[in-house]
Amino acid sequence: MRVGVLIGVKSSEKEIALKTARNIINALKLKGYDYIEIPIDENVVENIKKSKIDVAIISAHGKYGEDGTIQGLLELLGIPYVGSGVLASALALDKMMAKKIFTFHQIPTPKWKELSKKEIETRDLNEILKDLSYLKKPWIIKPATQGSTIGLSLVNQEEELLKGIELAFQYDENIIVEEYIKGIEITAGIYDVNKPICLPLIEIIPKTGFYDYKTKYTPGLSDHIIPARLPKEVYEKAQGLGILAHQALGCRHLSRVDMIVEENTNNIYVLEVNTIPGMTETSLYPEAAKAFGIEFPDLIDNFIKATLKVI
């Protein structure tokens with residue numbers, strides 16, 4: 001059996017994609033799979049056709065990997081692949097669409113306002129601030145279709161708004177301004193090979209006070225506590241919301257649902273769903289799987305078998 005590891009080399013999250021790919025390849029070696037690395041670039045169609053692969057694993061985050069484009073290509077070529085399909089991938093990456101689906105399914109998510117680059121260029125700042133008046137400060141400003149907290153800002157004052165908007169627009173034509181919920185950051189890994197199971201919840205404690213890109217991927221800059229220190233009823237509700245968010249978007253095989261438990265109230269808010277969670281040595285999903293009793297090589301093996309419907 002030949003596995004194609006498709007690596008996202010064109011997105012802003014290239015570094016993480018490469019680290020994830022290395023980890024996946026090591027797992028494939030341990031399990032005895034034949035494999036080939038295929039960069040997701042302008043030659044990807046030709047290279048996939050030449051590779052004669054039986055199944056694909058996508059190691060790509062953000063655009064051109066996690067947004068449904070490469071999934072659509074694999075569908076056209078008739079190649080089965082690990083992970084969510086075209087529609088679920090596109091919906092999950094687009095935070096505006098995901099939030100609308102969460103709202104439809106009564107999944108709590110922070111209040112938000114979407115802004116386009118055209119809107120910012122043609123409207124007065126005071127008008128925009130008026131539109132945002134229903135959102136409590138501080139605000140989180142982020143691109144609509146990015147991951148790994150790239151382009152994200154925490155804004156406490158109105159004077160910081162433009163700077164946050166400018167940063168977010170470096171990565172997308174559309175951005176989201178949402179209420180910042182102060183509380184405990186948790187993440188739920190969803191393991192879905194036969195039916196969706198929520199892996200042990202992880203509590204994330206950033207040592208810098210904010211879980212940004214550097215904190216997320218630098219060993220030692222955040223503590224991960226498994227299982228998350230939550231009251232039993234809150235813990236179980238968060239696990240249920242994780243599965244519900246996964247299903248609402250139509251995800252398959254795996255996802256990671258990021259949430260926050262508001263301090264004082266213990267209200268749970270779903271922030272976003274990652275259809276291709278990082279699989280680096282410091283990544284949360286493999287850590288949760290290990291706590292559940294699944295070692296990383298077995299995890300990858302199980303996903304391949306589920307894709308080929310032999311598990």
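Residue 1 is where the sequence shown starts when you use UniProt numbering, and the numbers rise one by one after that. For every residue, glycine included, the Cβ atom is placed at its ideal position computed from N, Cα and C. Since this is a predicted model, take the numbers as computed values, not measurements.
- In this structure, the alpha-carbon of P80 lies about 40 Å from that of L154.
- Under the rule that a run must span 3 or more residues, the beta strand (DSSP E) segments found entirely inside the stretch 122–188 read 139–143, 153–155 and 174–179.
- In the displayed model, D41 falls within coil according to three-state DSSP, outside both helix and strand.
- With 16 or more other CB atoms across the displayed protein chains lying within 10 angstroms of its CB, D172 is buried.
- According to the DSSP secondary-structure assignment, Y285 is paired through a beta bridge with no residue.
- Between the stretch 177–186 and the stretch 261–271 there are three or more inter-stretch CB-CB distances shorter than 8 Å, so the stretches are counted as touching.
- DSSP places G32 in the coil class of the three-state scheme, outside both helix and strand.
- Under the three-state reduction of DSSP, V261 is assigned to strand.
- The Cβ atoms of L28 and V3 sit closer than 7 Å to each other.
- Boundaries for S89: no beta strand (DSSP E) harbours it, while the alpha helix (DSSP H) harbouring it runs V86 to L93, taken from the DSSP string.
- Using a Cβ distance threshold of 7 Å, A144 and D94 count as a contacting pair.
- For a cut-off of 8 Å, the C-beta gap from L167 to I186 is around 26 Å, too long to register as a contact.
- DSSP places E236 within a helical segment (H, G or I) once states are collapsed to three.
- Taken atom to atom, the span from the alpha-carbon of T20 to that of N126 is near 43 Å.
- In the DSSP assignment, the residues bridged to E203 are I186 and I225.
- Of the residues assessed, E121 falls on the exposed side of the cut-off, its CB having fewer than 16 other CB atoms within 10 angstroms.
- For I197, the enclosing beta strand (DSSP E) begins and ends at P196 to C198.
- Our two residues, L115 and I184, have alpha carbons roughly 27 Å apart in a direct line.
- Residue pairing for L254: DSSP places it in a beta bridge opposite Y191.
- For I70, same chain residues with a beta-carbon under 7 Å away, outside a window of 5 residues either side, are L6, I40, I58, A60 and Y64 in chain order.
- According to DSSP, V270 shares a beta bridge with M259.
- The distance from the Cβ of A288 to that of L199 is about 4 Å, consistent with a contact at the 8 Å cut-off.
- Per DSSP, A306 is one residue of the alpha helix (DSSP H) stretching across F296 to T307.
- In the same chain as I150, and ignoring 5 residues on each side of it, the C-beta atoms closer than 8 Å to its own belong to S12, E13, G62, P143, Y171 and Y213, in chain order.
- If you look at I7, you'll find it isn't in any alpha helix (DSSP H); it sits in the beta strand (DSSP E) that goes R2 to G8.
- Each residue's CA atom was taken as its position, placing N47 and L18 some 18 Å apart.
- Using a C-beta cut-off of 8 Å, the stretch 225–235 makes no contact with the stretch 249–260, since fewer than three inter-stretch Cβ pairs fall below that distance.
- In the displayed model, K49 falls within a helix according to three-state DSSP.
- When C-alpha distances from A248 are compared across A88, I16, G32 and F303, the shortest belongs to A88.
- Taking each of L299, M279, A92 and R252 in turn and checking the Cα distance to E15, the smallest one comes out for M279.
- Setting aside the 5 residues that flank it on each side, G250 is surrounded in the same chain by S84, G85, L87, A88 and L91, each with a C-beta closer than 8 Å to its C-beta; the list follows chain order.
- Contact annotation: K31 and P206 have beta-carbon atoms that are not nearer than 7 Å.
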